[in-house]
């Protein structure tokens with residue numbers, strides 16, 4: 001993965017701040033231009049949220065954070081930038097002015113992504129001498145957690161530009177969805193707009209409140225859409241006859257009055273008051289910061305659930321973790337885990353549940369296995385190590401958000417046996433727990449013990465000799 | 472919770488089968504009428520999916536399954552039913568005929584819920600002498616996993632009927648959303664219809680494929696909607712200025728061409744072909760059964776993630792688990808855990824990860840704590856037990872879907888110390904693992920050890936004396 005690269009963020013706020021946070025936490029230097037005197041504070045708040053939540057998505061430590069600097073002019077901010085992200089207010093003349101200034105001062109190879117929700121790339125490119133350098137890269141809030149970014153070009157965008165943008169966005173953890181044909185509001189916001197318009201009608205007509213609408217979504221199809229989206233879900237609904245059957249069955253509803261979207265409600269003061277009052281009644285007991293934290297904790301937990309299943313956004317994160325993984329060094333004792341404790345690991349006592357210590361030490365054993373050559377290919381070939389006994393001593397409490405490390409010694413390694421001693425430490429070096437773990441080499445076919453492959457055994461013996469001598 | 476109660480399912484298929492499965496797995500007897508000669512097979516398939524997935528949502532065993540019987544007439548099927556669920560095809564004259572027959576033969580106190588997507592309750596009640604007994608109870612696929620059911624009545628529905636229906640639906644795990652004013656397609660399907668219409672346009676116009684649309688949803692706002700829905704999400708987007716600011720900022724988009732929903736696409740053969748072909752390209756490598764399993768595994772993992780956070784559908788499930796929890800008996804050794812291993816507990820070796828054994832034994836210790844009086848109230852008052860050392864022996868592999876039990880002996884209990892010995896067994900009595908666990912009583916305020924409250928210590932000593940004698 002590229003690190004020590006520079007991004008310029010033109011326009012802070014929630015969206016620009018989210019971009020800044022993602023770049024920084026993935027090891028990029030970030031240079032910000034935003035005329036708002038509050039910009040530094042606002043970006044600082046987004047960054048605090050990102051520093052807390054983003055590392056929890058991964059089971060490895062993120063790269064060292066880049067440097068964040070603030071600049072008084074666009075010309076200064078874009079100096080040395082590989083990527084410039086424009087997130088200024090949605091007014092086309094303003095966007096044209098800002099984009100022209102960026103292009104005039106940024107390095108010749110730098111691309112410019114615009115966070116615009118509504119404008120098409122061809123509109124942004126109007127009047128530019130280098131239209132191919134301007135793309136729409138439309139992210140979703142919270143930008144530091146949600147993988148989706150819509151990557152939209154016009155007929156003036158070259159395949160090379162698309163590819164370069166796609167690679168770079170993937171490096172910092174995004175899932176770039178390439179939109180082939182430009183259209184107002186791109187793709188996702190068109191769905192959001194449709195639902196928004198329908199929701200306005202339901203509230204205006206007194207059919208449902210904001211809270212009821214939220215429950216109608218999150219207790220039902222919201223859960224489907226977090227993992228399969230629309231069409232794969234409906235393919236299943238069609239049953240064995242598939243998609244065609246589904247459409248034939250539900251097609252007639254298109255002619256029925258199942259939505260009011262032939263018409264748009266008048267967003268007058270009365271309707272705004274009604275929505276604001278209902279929203280206060282629903283969520284007013286929580287501050288925006290508390291709501292943000294709740295949202296981020298839920299997103300971390302949902303995304304980690306999908307990671308474990310290897311599905312949807314989880315599959316994407318698993319892939320990205322491989323990109324950011326640091327290679328294990330061969331020191332004695334080995335550093336086998338470096339990670340942040342995620343929010344889904346704590347229990348009613350407010351600390352990391354004892355089961356999660358077991359998982360951390362299981363991950364530490366996996367690191368040792370990879371190091372000795374018992375990696376995924378080895379496992380796919382039908383050989384592995386199973387744990388037969390562990391003893392864990394819990395010495396200090398561990399909390400969500402804590403950075404932890406595990407060092408490991410191979411204290412016995414002969415034949416089928418592999419005995420490990422792990423020490424788990426906090427960021428300040430405090431010892432949180434120790435674990436002694438006996439593993440036995442097995443055949444995954446017979447599920448019985450058997451000797452490891454010769455090269456694996458040799459490596460285990462070598463480590464045992466090195467570490468044993470120092471114990 | 473009510474058990475040994477009877478539900479009649481009129482009309483099987485995916486929806487009726489889902490209702491049957493939820494009732495059965497929550498301990499109800501289920502009597503099915505469906506003239507389709509394939510009904511028994513079709514319901515059997517839905518039931519197999521439900522038996523696999525639904526128990527994984529809970530951290531306790533479900534009640535014993537009820538009896539499933541098939542009947543040749545509606546009159547026979549509704550005998551003795553407390554609840555009748557109608558899920559026949561969406562044709563109003565057919566619904567009227569079936570509902571009249573149900574009312575004629577069902578016990579006088581039985582309510583009738585209709586799974587209709589499109590008809591209003593007043594339409595279903597037309598011509599009925601007992602309209603108050605007929606309600607819309609509209610569920611979402613998969614009915615055995617998604618909590619949402621829309622509960623809709625008309626002006627002829629009494630508050631008592633609503634309350635009775637609401638309690639009963641809650642007992643079997645649903646989240647009944649009461650819709651106050653009837654409307655075509657109720658609430659959730661209006662949003663689905665809006666998105667569906669917009670999606671048809673995007674495909675017809677070649678803007679996006681079915682796969683791209685699914686990614687645009689599940690990599691972005693689908694994750695938001697699984698936990699907060701629409702309005703709470705937008706409240707955050709409004710920032711510190713809240714909902715009003717958000718509306719004022721995005722209101723103007725209502726006048727922009729951000730959706731094509733002023734018009735409805737013609738669902739002709741060409742468009743149907745296009746969608747079916749794209750869906751085949753996207754998901755055709757998986758059978759419907761495989762897709763269903765993938766969906767259910769993902770839903771289990773997502774719902775369990777929300778349970779852990781105590782949020783949205785997870786908060787609802789936590790509440791429902793309390794309803795179904797069996798009280799712990801006081802036998803020696805104690806049975807401290809009885810549950811199904813969920814899909815999110817396995818690792819690359821295809822079996823339950825060692826960390827999850829730690830979690831099961833942690834749960835077993837929690838059961839003992841509750842039994843001796845160190846329950847949630849005690850913890851809220853600032854006292855608890857922390858684990859200081861565990862030794863686990865792994866004796867047999869454990870797989871997702873397995874029913875497991877843990878029995879526990881208190882082998883030492885004096886002063887601040889509580890030492891437990893756990894044995895984890897499979898459904899056939901095979902010993903899967905043992906764990907010896909030392910806990911120390913602590914003050915949650917000082918985070919240091921201290922003696923338990925007198926009544927708790929007395930109960931711990933009593934158990935230690937009883938169990939110690941038998942060890």
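Residue numbers (our numbering), protein chains in the order written: chain Z, 1 to 471; chain S, 472 to 942.
Just so it is clear, CB atoms sit at the ideal spot from N, CA and C, and this is done for glycine as well.
Treat the numbers as computed from the prediction; the structure is a model and nothing was measured.
Quick check for students: name the residue ranges of the beta strand (DSSP E) that lie wholly in the segment 505–589 of chain S, counting only runs of 3 or more.
Correct list: 539–542, 554–557, 582–585.
Option in Z:456, Z:402, Z:382, Z:390 with minimal Cα separation from residue 445 of chain Z:
Residue Z:382 holds the alpha-carbon nearest to the alpha-carbon of residue 445 of chain Z among Z:456, Z:402, Z:382, Z:390.
Find the nearest neighbour of residue 705 of chain S within the set Z:41, Z:169, Z:52, Z:283, judged by alpha-carbon distance.
Per the Cα distances, Z:283.
For a contact meaning CB atoms closer than 7 Å, what does residue 750 of chain S contact in chain Z?
Within 7 Å Cβ-Cβ: 231, 235, 243.
Validate contact between the segment 480–490 of chain S and the segment 395–410 of chain Z using beta carbons, cut 8 Å, 3 pairs
At 8 Å Cβ cutoff, the stretches do not touch.
Which of the three DSSP states is assigned to residue 485 of chain S in this structure?
The answer is helix: DSSP assigns residue 485 of chain S an H, G or I state.
Give the C-beta separation of residue 153 of chain Z and residue 162 of chain Z to the nearest angstrom, bearing in mind that I take them to be a contact with Cβ-Cβ under 8 Å.
Confirmed, Cβ separation roughly 6 Å.
Report the neighbours of residue 828 of chain S on chain Z: residues whose CB is nearer than 8 Å to its CB, in chain order.
355, 358, listed in chain order.
For residue 374 of chain Z, which residues of its own chain have a beta-carbon under 6 Å away from its beta-carbon, when the five flanking residues on both sides are left out?
If we look at residue 374 of chain Z and ignore the five residues flanking it on each side, its Cβ neighbours are 456.
For residue 884 of chain S: DSSP bridge partner residues
Per DSSP, S:889.
Beta strand (DSSP E) containing residue 338 of chain Z: first to last residue?
That run of the beta strand (DSSP E) goes 334–340.
By DSSP, does residue 301 of chain Z sit in helix, in strand, or in coil?
Residue 301 of chain Z: helix per DSSP, three-state reduction.
Closest to residue 209 of chain Z by C-alpha separation, out of Z:188, Z:220, Z:280, would be which residue?
Of Z:188, Z:220, Z:280, the residue nearest in Cα terms is Z:280.
Shortest alpha-carbon distance to residue 386 of chain Z belongs to which of Z:96, Z:440, Z:293?
Nearest option by C-alpha distance: Z:440.
So, for residue 472 of chain S: in the same chain, excluding its five sequence neighbours on each side, which residues have a beta-carbon less than 7 Å away from its beta-carbon?
Bear in mind that a pLDDT of 46 at residue 472 of chain S, under 50, signals an unreliable position, so the number given afterwards is only what the model happens to contain. Residues of the same chain with a CB within less than 7 Å of the CB of residue 472 of chain S, apart from the 5 flanking positions on each side, are 642, 794, 795 in chain order.
Can you name the residues of chain S whose CB is closer than 9 Å to the CB of residue 394 of chain Z?
Those are 857, 858, 859, 860, 861, listed as they occur along chain S.
Where residue 840 of chain S and residue 482 of chain S are concerned, what is the direct C-alpha to C-alpha distance, given to the nearest angstrom?
So the alpha carbons of these two residues sit roughly 47 Å apart.
Looking only at its chain, what residues have a beta carbon closer than 8 Å to the beta carbon of residue 99 of chain Z, apart from the 5 residues adjacent to it on each side?
Closer than 8 Å at Cβ, skipping near neighbours: 86, 112, 114, 124, 128, 134.
Please classify residue 473 of chain Z as buried or exposed, where buried requires at least 16 neighbouring CB atoms within 10 angstroms.
An answer regarding residue 473 of chain Z cannot be provided, because it is not within the stretch 1 to 471 covered by chain Z.
Output yes if chain S places a C-beta closer than 8 Å to the C-beta of residue 298 of chain Z; else output no.
Yes, its Cβ sits closer than 8 Å to a Cβ of chain S.
Given 8 Å, three or more beta-carbon pairs between the segment 646–654 of chain S and the segment 509–528 of chain S:
No contact exists between the segment 646–654 of chain S and the segment 509–528 of chain S.
Pick out whichever of Z:145, Z:247, Z:243, Z:130 has its Cα sitting closest to the Cα of residue 105 of chain Z.
Of the candidates Z:145, Z:247, Z:243, Z:130, the one whose C-alpha sits nearest the C-alpha of residue 105 of chain Z is Z:130.
List, in chain order, every chain Z residue whose beta-carbon is nearer than 7 Å to that of residue 669 of chain S.
Neighbours of residue 669 of chain S on chain Z, chain order: 190, 191, 194.
For a test of the three-state rule: what should DSSP assign to residue 343 of chain Z, helix, strand or coil?
Correct three-state label for residue 343 of chain Z: helix.
State the start and end residues of the unbroken beta strand (DSSP E) segment that holds residue 911 of chain S.
Here the beta strand (DSSP E) through residue 911 of chain S covers 902–914.
Three-state secondary structure (DSSP) of residue 715 of chain S:
In this structure, residue 715 of chain S counts as helix in the three-state DSSP scheme.
Within 8 Å, strictly: CB atoms of residue 213 of chain Z and residue 654 of chain S
Not a contact, by the Cβ cut-off of 8 Å.
In the DSSP assignment, the beta strand (DSSP E) including residue 869 of chain S goes from what residue to what residue?
Taken as a continuous stretch (DSSP letters only), residue 869 of chain S belongs to no beta strand (DSSP E), as it is neither H nor E.
Which residues mark the beginning and the end of the beta strand (DSSP E) in which residue 178 of chain Z is found?
175–179 is the span of the beta strand (DSSP E), which, as asked, contains residue 178 of chain Z.
Of all the options Z:303, Z:200, Z:436, Z:463, which has the alpha carbon lying nearest to the alpha carbon of residue 692 of chain S?
For residue 692 of chain S, the closest of Z:303, Z:200, Z:436, Z:463 by C-alpha to C-alpha distance is Z:303.
Residue 941 of chain S CB to nearest chain Z CB: under 8 Å?
Here residue 941 of chain S scores only 48 on pLDDT, less than 50, and its place in the model should not be relied on; the value that follows carries that caveat. Closer than 8 Å: no.
Return the chain-ordered list of same chain residues with a C-beta closer than 8 Å to the C-beta of residue 822 of chain S, the five sequence neighbours on each side being excluded.
Non-local beta-carbon contacts of residue 822 of chain S in its own chain, meaning distances under 8 Å to residues more than five positions away in sequence, involve 868, 869, 870 in chain order.
Measuring CB to CB, does residue 637 of chain S end up less than 8 Å from residue 622 of chain S?
The Cβ atoms of residue 637 of chain S and residue 622 of chain S lie closer than 8 Å to each other.
Rounded straight-line distance, which links the Cα of residue 697 of chain S to that of residue 462 of chain Z:
CA-CA distance, residue 462 of chain Z to residue 697 of chain S, rounds to 50 Å.
Could you work out which residue in Z:466, Z:364, Z:380 is closest to residue 413 of chain Z when comparing CA atoms only?
Each of Z:466, Z:364, Z:380 was checked against the Cα of residue 413 of chain Z, and the nearest Cα belongs to Z:466.
State yes or no: is the beta carbon of residue 159 of chain Z nearer than 8 Å to at least one beta carbon in chain S?
Interface with chain S (8 Å Cβ-Cβ cutoff): residue 159 of chain Z is excluded.
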